[in-house]
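Numbering (UniProt numbering), first residue to last: 1 to 472. Don't be surprised by glycine CBs; every beta carbon is placed ideally from N, CA and C. On a predicted model such as this, the values are computed, not experimentally measured, just so you know. Here the structure is laid out as structure tokens; the discussion comes afterwards.
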Amino acid sequence: MQRFCTQHQGTSLADVHQSFSNLDKISALIKKQRLLSYPFGQSIAAVIILQCIANALLTYLQYIQGYYFDGINLLVTCFFKEQVKIILDRESFEIDMGFKRVRDKDINEIVFAAYLPENEKIFTFARVFINAQSSTAYTKAFEALFGLLSSKLEREIRWKHLHGTGFACIVTDMDRGQLQGWGQYLSQIDGSHRPWEWQARNTVMLCYIHFKRSIDRAAGTSGHNTNSIHARMGELVRCESQADYFQLCNELISTSSESVKEWTRHKMQPSIACGLNKHCSMIASEVWERTRNHTNATEQTRFKSNSFGRQLPLLRAIHSSQILDKYDVDRYNSRAGYGISLSWRNTSLSERFAEAIRRDRSRRRESEDDNDGSVDTELLPPEPQRRRVSRSSSSRSSSTRRRGSAQRDTSLALCRMASENILNQSQERQDMELDQTEKQLRIELMREELRQKRLENDRRELENQSLSRGLE
Numbered sequence: 001m002q003r004f005c006t007q008h009q010g011t012s013l014a015d016v017h018q019s020f021s022n023l024d025k026i027s028a029l030i031k032k033q034r035l036l037s038y039p040f041g042q043s044i045a046a047v048i049i050l051q052c053i054a055n056a057l058l059t060y061l062q063y064i065q066g067y068y069f070d071g072i073n074l075l076v077t078c079f080f081k082e083q084v085k086i087i088l089d090r091e092s093f094e095i096d097m098g099f100k101r102v103r104d105k106d107i108n109e110i111v112f113a114a115y116l117p118e119n120e121k122i123f124t125f126a127r128v129f130i131n132a133q134s135s136t137a138y139t140k141a142f143e144a145l146f147g148l149l150s151s152k153l154e155r156e157i158r159w160k161h162l163h164g165t166g167f168a169c170i171v172t173d174m175d176r177g178q179l180q181g182w183g184q185y186l187s188q189i190d191g192s193h194r195p196w197e198w199q200a201r202n203t204v205m206l207c208y209i210h211f212k213r214s215i216d217r218a219a220g221t222s223g224h225n226t227n228s229i230h231a232r233m234g235e236l237v238r239c240e241s242q243a244d245y246f247q248l249c250n251e252l253i254s255t256s257s258e259s260v261k262e263w264t265r266h267k268m269q270p271s272i273a274c275g276l277n278k279h280c281s282m283i284a285s286e287v288w289e290r291t292r293n294h295t296n297a298t299e300q301t302r303f304k305s306n307s308f309g310r311q312l313p314l315l316r317a318i319h320s321s322q323i324l325d326k327y328d329v330d331r332y333n334s335r336a337g338y339g340i341s342l343s344w345r346n347t348s349l350s351e352r353f354a355e356a357i358r359r360d361r362s363r364r365r366e367s368e369d370d371n372d373g374s375v376d377t378e379l380l381p382p383e384p385q386r387r388r389v390s391r392s393s394s395s396r397s398s399s400t401r402r403r404g405s406a407q408r409d410t411s412l413a414l415c416r417m418a419s420e421n422i423l424n425q426s427q428e429r430q431d432m433e434l435d436q437t438e439k440q441l442r443i444e445l446m447r448e449e450l451r452q453k454r455l456e457n458d459r460r461e462l463e464n465q466s467l468s469r470g471l472e
């Protein structure tokens with residue numbers, strides 16, 4: 001419609017012709033076309049019909065690999081076979097739940113992704129759409145996904161703590177339903193059926209970014225200096241033994257803040273502690289050290305998915321996911337097969353200089369925030385000693401800051417003006433690259449919608465031909 005208005009030198013239908021002021025006829029035409037394009041709608045029934053049609057296509061073209069709907073519980077598993085082949089070579093991967101992508105408020109998306117060092121890119125392995133968040137729903141989702149992986153690839157899915165080889169760990173957030181559902185799935189495939197808490201201690205790492213956000217919610221965002229309660233809470237992930245971890249928890253519980261007490265009790269749960277500190281976990285130390293301790297891969301996947309819009313009908317959300325995942329597979333094959341770089345990175349001296357300036361500004365900003373933060377009086381020495389320490393440390397820190405500030409100002413005064421244009425050019429280039437990527441994704445979506453319409457027309461022509469032969 002926008003193209004039509006632009007073609008006739010107008011910004012709206014009323015600008016093109018006065019008769020278009022009545023939109024009822026146009027709305028009826030749009031509704032008619034929508035019914036022709038999606039005769040089964042764009043919700044759960046449409047997904048089921050599309051999956052039935054997809055069974056007639058070649059296996060490698062299928063994306064909706066499995067679905068389950070009993071009138072109440074929904075589970076749709078989506079991936080390409082090429083995607084899941086890559087996951088079997090990984091030691092770990094990330095899991096995260098995405099919200100508000102589907103119009104139905106009960107339907108959410110579980111994303112499985114990881115960072116591929118050989119490609120230096122985020123890669124999405126699979127997506128599962130469910131309409132519940134209970135531990136049982138998560139267990140069913142994991143059963144469906146890994147069962148389909150095993151059947152499609154004709155290969156057993158193995159876990160290192162159970163079989164000696166295979167996946168070693170996952171990285172996820174601190175949602176109890178997800179953790180319990182994960183542990184229950186592993187307990188079912190464990191020959192000894194050990195409890196879900198034991199399974200979690202052997203496989204789960206928790207996202208450090210989510211951990212830091214939880215500290216901000218419990219203790220506030222001020223007071224990030226080394227003597228604050230905020231800093232003491234963050235030390236849990238750096239404790240050198242399990243005894244030190246729980247000793248620090250007991251010290252935090254003795255504070256007067258009720259929110260900090262509640263936060264600490266949560267972190268004392270074995271299923272949570274094992275994912276935050278390696279000394280509370282049963283994951284091998286070398287595996288822990290080389291695994292990324294955050295879920296940025298799944299966060300980026302959800303960000304790219306939301307570029308197609310939020311609150312989408314289920315079928316449209318799956319179609320946009322299909323386009324993104326196919327794009328990831330094609331880029332991976334191009335890099336693996338032909339060594340084609342996935343993006344252009346400016347490694348010139350000016351760009352490296354600009355990056356150094358950005359990092360320096362970020363470090364100085366963080367340092368200023370720490371110096372300005374308030375000090376928690378509960379963790380400081382008694383009042384007389386505190387005044388003496390405060391005066392001496394304040395004078396030393398003030399002189400140090402003055403010297404450091406003078407040196408920084410001297411060294412950066414000459415380069416700030418030169419770097420400003422470089423930073424602006426770099427930002428403009430990044431914006432252009434993002435715009436080009438978004439345009440390419442939208443073009444792919446339009447192509448996919450056109451392909452679906454052609455398939456639908458072909459199907460209807462076949463039905464008409466069959467009906468004509470029957471009448472003859």
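Return the CA-CA distance between residue i and residue j, expressed in angstroms with no decimal places.
| i | j | result |
| --- | --- | --- |
| Ala14 | Thr6 | 12 Å |
| Lys261 | Ile253 | 5 Å |
| Arg176 | Thr264 | 15 Å |
| Lys212 | Gly234 | 7 Å |
| Met268 | Glu433 | 45 Å |
| Cys249 | Ile229 | 12 Å |
| Gln33 | Glu456 | 13 Å |
| Asn277 | Leu445 | 43 Å |
| Arg460 | Thr295 | 45 Å |
| Gln9 | Ile30 | 22 Å |
| Glu251 | Asp216 | 19 Å |
| Ser341 | Ser348 | 17 Å |
| Arg155 | Leu314 | 30 Å |
| Ala132 | Asn73 | 8 Å |
| Ala141 | Gln18 | 54 Å |
| Leu324 | Thr124 | 9 Å |
| Ser374 | Ile272 | Annotation note: pLDDT 42 at Ser374 (below 50); position unreliable, coordinate value reported separately. Taking the straight line joining both Cα atoms gives about 29 Å. |
| Arg3 | Ser12 | 10 Å |
| Arg103 | Ile44 | 12 Å |
| Asp376 | Ser214 | Note that Asp376 scores a pLDDT of 41, beneath 50, so its modelled location is shaky and nothing firm can be said. |
| Arg122 | Ala113 | A small correction: the amino acid at residue 122 is Ile; Arg does not occupy that position in the sequence shown. One C-alpha to the other measures close to 7 Å. |
| Glu383 | Asn227 | Confidence at Glu383 is low in this model, with a pLDDT of 39, below 50, so its placement is unreliable and no value can be given for it. |
| Asp458 | Lys25 | 28 Å |
How far does the alpha helix (DSSP H) with residue i in it reach, from first residue to last?
| i | result |
| --- | --- |
| Lys212 | 208 to 219 |
| Ile107 | Run containing Ile107: none; DSSP gives neither H nor E here. |
| Phe146 | 135 to 153 |
| Ser157 | Just to set this straight, residue 157 is Ile in the shown sequence, not Ser. That residue, Ile157, is in no alpha helix (DSSP H); it is neither H nor E in DSSP. |
| Glu197 | 196 to 203 |
| Glu258 | 258 to 267 |
| Glu94 | Element bounds for Glu94: not the alpha helix (DSSP H) but the beta strand (DSSP E), 92 to 98. |
| Ser285 | 285 to 290 |
| His17 | Element bounds for His17: n/a, residue is neither H nor E. |
| Met233 | 229 to 234 |
| Pro270 | 270 to 276 |
| Val84 | 81 to 87 |
| Val237 | It is not in any alpha helix (DSSP H) - Val237 carries neither H nor E in the DSSP assignment. |
What span of residues does the beta strand (DSSP E) with residue i cover, start to end?
| i | result |
| --- | --- |
| Thr172 | 169 to 172 |
| Val128 | 121 to 130 |
| Thr301 | Counting along the chain, Thr301 falls outside any beta strand (DSSP E), though it belongs to the alpha helix (DSSP H) covering 296 to 306. |
| Tyr67 | 64 to 69 |
| Thr77 | 74 to 78 |
Could you pull out every residue in the same chain whose Cβ sits closer than 6 Å to the Cβ of residue i, ignoring the five residues on either side in sequence?
| i | result |
| --- | --- |
| His279 | Ser241, Gln242 |
| Trp196 | Gln180, Gly183, Gln184, Ser187 |
| Asn108 | Met97, Phe99 |
| Tyr208 | Asn293, His294 |
| Asp190 | Leu162 |
Between the Cα of residue i and the Cα atoms of the options, which residue gives the shortest distance?
| i | options | result |
| --- | --- | --- |
| Pro117 | Gly275, Ala297, Ile357, Phe353 | Ala297 |
| Tyr327 | Phe79, Leu74, Leu35 | Phe79 |
| Glu299 | Glu143, Asp173, Gly339 | Asp173 |
| Leu153 | Ser27, Arg302, Gln83, Gly220 | Gln83 |
| Leu441 | Leu315, Ser305, Asp458 | Ser305 |
| Arg335 | Arg103, Ser27, Asn119 | Asn119 |
| Arg201 | Ser285, Asp360, Ala126, Gly66 | Ser285 |
| Ser281 | Ala126, Ser257, Ile72, Tyr245 | Tyr245 |
| Ala126 | Thr437, Leu88, Gln452, Asn333 | Leu88 |
| Cys274 | Arg238, Ser307, Arg302, Gly309 | Arg238 |
| Arg158 | Tyr68, Tyr138, Thr203 | Thr203 |
| Ile48 | Lys25, Asn22, Leu75 | Leu75 |
| Leu23 | Leu36, Met1, Gly41 | Met1 |
| Ser259 | Ile283, Gly41, Ala218 | Ala218 |
| Lys81 | Val287, Ala317, Leu36, Leu148 | Leu148 |
Starting from the C-beta of residue i, find all residues in its chain whose C-beta is less than 7 Å away, skip the five residues before and the five after it, and write them out in chain order.
| i | result |
| --- | --- |
| Ser135 | Gly177, Gln180, Gly181, Gln184 |
Closer than 8 Å by C-beta to residue i: which residues in its own chain qualify, once you throw out the five before and the five after it? Chain order, please.
| i | result |
| --- | --- |
| Phe146 | Ile157, Tyr185 |
Exercise for the section: May I ask you to verify whether the stretch 82 to 94 touches the stretch 153 to 167, counting CB pairs closer than 8 Å and requiring at least 3? Expected result: yes
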